[in-house]
Each structure stands twice: as C-alpha cells, then as structure tokens.
Amino acid sequence: MQEVKVLDGGFSTQLATHVGDIIDGDPLWTARFLVTNPNAVISTHLDFLKAGADIIQTNTYQTSVDGFSKYMNLPEEEGLNLFSKAVDYAKEAINLYKEEIKNKRNVINANPLIAGSVGPYGACLHDASEYTGKYCSTVSEEILMNWHRPRIQKLIESGVDMLAIETIPCKQEAKALVKLLTEFPNSKAWLSFSCSYDGKSIADGSHFQDIALWCYKEALPGQILAIGVNCIAPQNVTSLLKGINENCKQDFIPLVVYPNSGEKYTVEQGWVKKEEGYSLQEFIHEWLDLGVRYIGGCCRTNAVDVKKIRAEVEKWKSN
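In terms of full-length UniProt numbering, the sequence shown has 142 at position 142, counting the first letter as 1, and numbering is strictly consecutive.
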C-alpha cells in the first residue's frame, strides 16, 4: 500500500500568527512577505513541520512576476527570483527542523519534502475567480501555458521535490497544465481542483472525475502523483472522490485532499463562518479508505489542525 503523506495547512492562517497583519485582501496575499518578512515565512513552514507535516508547500500560490511588478514595483528578474527565495525559505525551515530533531528518536516526519505551490491564473487576478473559473472562457490555452511556464520552471530549477498544482477551477487550465508538464518530463506533480458545492463538478461546471481522470491518464506515465481537491468544505469532499478507485483494481489512483475549515470566502465579506459543525478530522479515515494518500489543510486551517490530521492518519495506519 502506498504510504500516506501529511501535507501542511493554510499558509496565510498560520502566517498571521507571526505577522499579526490582515493578509486576506492583499493583492499579493502571503507572497508579499517573501520580501517584507522572510523570517515569518520560515517560521510558518517550521510550525507545520513541528506539527507533523511530511510535505510543506512553498509560499508561491499567489506569486507572479506581473503581480510583483504592479504592486511592489519589482523588475521582472527580481520578481522571478522570489520563486527561488521561496524555495530557499522552505529549505531553511527544513534545516532548522532537522537540527531540532537530530537527537530525537522515532520522529515520524524526519525527512520532509518540498512541494512548489502553483496556484491558478485566477488567483493572481485578485477577484476570487479561482472559485469560478470565469476567466477560462476568454484566456487561451497558449496564454495560460506562457503564464505558468516561468513559474513552474523557476520552482523546478530551485530544487522542489514536486509541484503542487492547486485550486484549478476549469477544464481548459487543467489541460494546459498537463500539456505544459510534458516540457518538464523529470518532474512530478499533484493536480488539485477547485470544486463547486454540488458534489460532482469543478468550479466551471465540468465534471470533476471526468477531467481529473483525463489529466491522470493523458499526462506522462508516472508524472502525476495524485489527483484531487483543495479549498473546499470538508463535508463536500467524499462525493467528489467516491468511485474513482472502486473500479481500479489494477490501476490504483492516489488522491490528494486538503480542504478548508468549512468557511466560505467571498470578495465582499471575506471568510463567512460555517453553519454546520463539521470538522475536517472527522472525515479523514473515510477519505483514506477511498484512496487519499496526500492529506492536509487549506484555508483557515493551521498547525494545530495539521497535528490533528497527523494523529488521525497514524490511527488509520494502525487499524
């Protein structure tokens, strides 16, 4: 059985405990702190490692050359180099963590890995369109590939262990990214989608399982580590995943899941508190049974949540 890897949690949520700033609403989101407060970025990574994360993601979800140019007046080369710095900060956190645990025995996550976070085109539009995919009807595949290419290339060159291609809201961008990945045949990635609340579709209305399975099968053999969902309420996950591995006796497909706390984000109101009392942890065993092998938290989850996820994963493994 493939090993289960615990991911980190919501970077902005944990980062806020170090910087004390309101991060949501900033057009650069957490990426601004790559310039203004690198130590807080490193400390955030370290928090997740101490909580039990096997894989930490670089602080690059909403990072783009054009964004740094527009909002911080940084030249193109300097903006691109911030991707390398983001990887360096993750590496520094791992070095600090390894120093802390060097005399400890039976550490579960003794050799953590780094996933280069690749957010969708919509994340950098700063209009919440990563939750709708509305831009995909006007932006061509070529534009999407040209926009993502330098980001992905810089992350790979900087030494990430894998790519976390996440919050993909539309079929067109997913296909563009799978095509783009063929230009980097030695790199591996997981693909995680932004989904609607109907339990079957991604944000643009395309059927989740159809497009996710298409990506998995059309990619280079072995290049896609997992397919799945993120930035979604935990109670909406199971219906999206159910059935993917029921008819795959010979070809097990690893799944990735890292949901939000259950709150919903709107541009007008920010995060709206969840009405139901669902917790992410109560679904973990169910998801693992369905084939989830990469599991963590997204928005509004923190290091405490990652620690709880780790505990549930260990319980499941011991059963």
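All residues carry an ideal CB built from backbone N, CA and C; glycine is no exception.
Member of the options whose CA lies at the smallest distance from the CA of residue i
i	options	result
Ala90	Asn73, Asn81, Gly116	Gly116
Ala110	Asn95, Asp127, Cys124	Asn95
Val139	Ile156, Tyr121, His126	Tyr121
His207	Ala123, Asn260, Leu241	Leu241
Ala189	Lys134, Cys170, Asn106, Gly119	Gly119
Thr238	Ala203, Asp210, Asp198, Ile211	Asp198
Cys170	Ile253, Leu181, Ile211, Ser158	Ile211
Leu46	Ile114, Gln2, Leu28, Asp24	Ile114
Val41	Val65, Gln2, Glu92	Glu92
Lys308	Leu280, Leu80, Cys136, Trp287	Leu280
Ala164	Lys200, Gly205, Thr182, Ala226	Ala226
Ile56	Glu3, Gln2, Ser43	Ser43
Leu180	Asn81, Phe283, Met145	Met145
Ile253	Gln172, Tyr294, Gln235, His285	Tyr294
Lys50	Tyr71, Ser12, Tyr97, Lys102	Tyr97
Leu255	Ser201, Trp287, Gly262, Ser69	Trp287
Val160	Gly222, Val229, Phe184, Tyr278	Phe184
DSSP three-state assignment for residue i, whether helix, strand or coil
i	result
Thr17	helix
Glu78	helix
Arg105	coil
residue 348	Nothing in the structure corresponds to residue 348, since the chain is present only between 1 and 319.
Lys5	strand
Val256	strand
Asn230	strand
Val306	helix
Leu225	strand
Gln57	strand
Ile295	strand
Leu191	strand
Ile202	strand
Glu314	helix
Leu28	coil
Ser261	coil
Tyr278	coil
Tyr197	coil
Asp251	coil
Glu92	helix
residue 321	It is not possible to answer for residue 321, since the shown part of the chain is limited to 1 through 319.
Span of the alpha helix (DSSP H) around residue i
i	result
Gly67	65-72
Val178	171-181
Ile284	284-290
Leu241	238-241
Min CB distance residue i to chain D below 7 Å
i	result
Leu280	In the structure shown, chain D cannot be found, because there is only a single protein chain.
Beta carbon of residue i nearer than 7 Å to that of residue j
i	j	result
Asp8	Phe48	yes
Gly10	Thr301	yes
Thr58	Ala86	yes
Asn37	Val19	yes
Asn260	Cys298	yes
Ala311	Gln14	no
Ser196	Ala203	yes
Phe83	Thr60	yes
Glu141	Ala174	no
Gln209	Ala123	no
Cys231	Ser187	no
Val313	Val6	yes
Lys134	Leu80	no
Gly291	Tyr258	no
Ala31	Ile23	no
Leu28	Gly67	yes
Val178	Ala233	no
Asp26	Pro112	no
Endpoints, the beta strand (DSSP E) within which residue i is located
i	result
Asn39	Segment 38-51 is the alpha helix (DSSP H) holding Asn39; no beta strand (DSSP E) there.
Tyr216	That residue, Tyr216, is in no beta strand (DSSP E); its alpha helix (DSSP H) goes 208-218.
Arg300	Neither: Arg300 is in no beta strand (DSSP E) and is coded neither H nor E.
Distance cut-off 6 Å: residue i Cβ against heavy atoms of the ligand ZN
i	result
Asn39	Ligands displayed in this structure: none; no statement on the ligand ZN is therefore possible.
Completely contained alpha helix (DSSP H) runs for the stretch 100-168, where each covers 4 or more residues:
141-157
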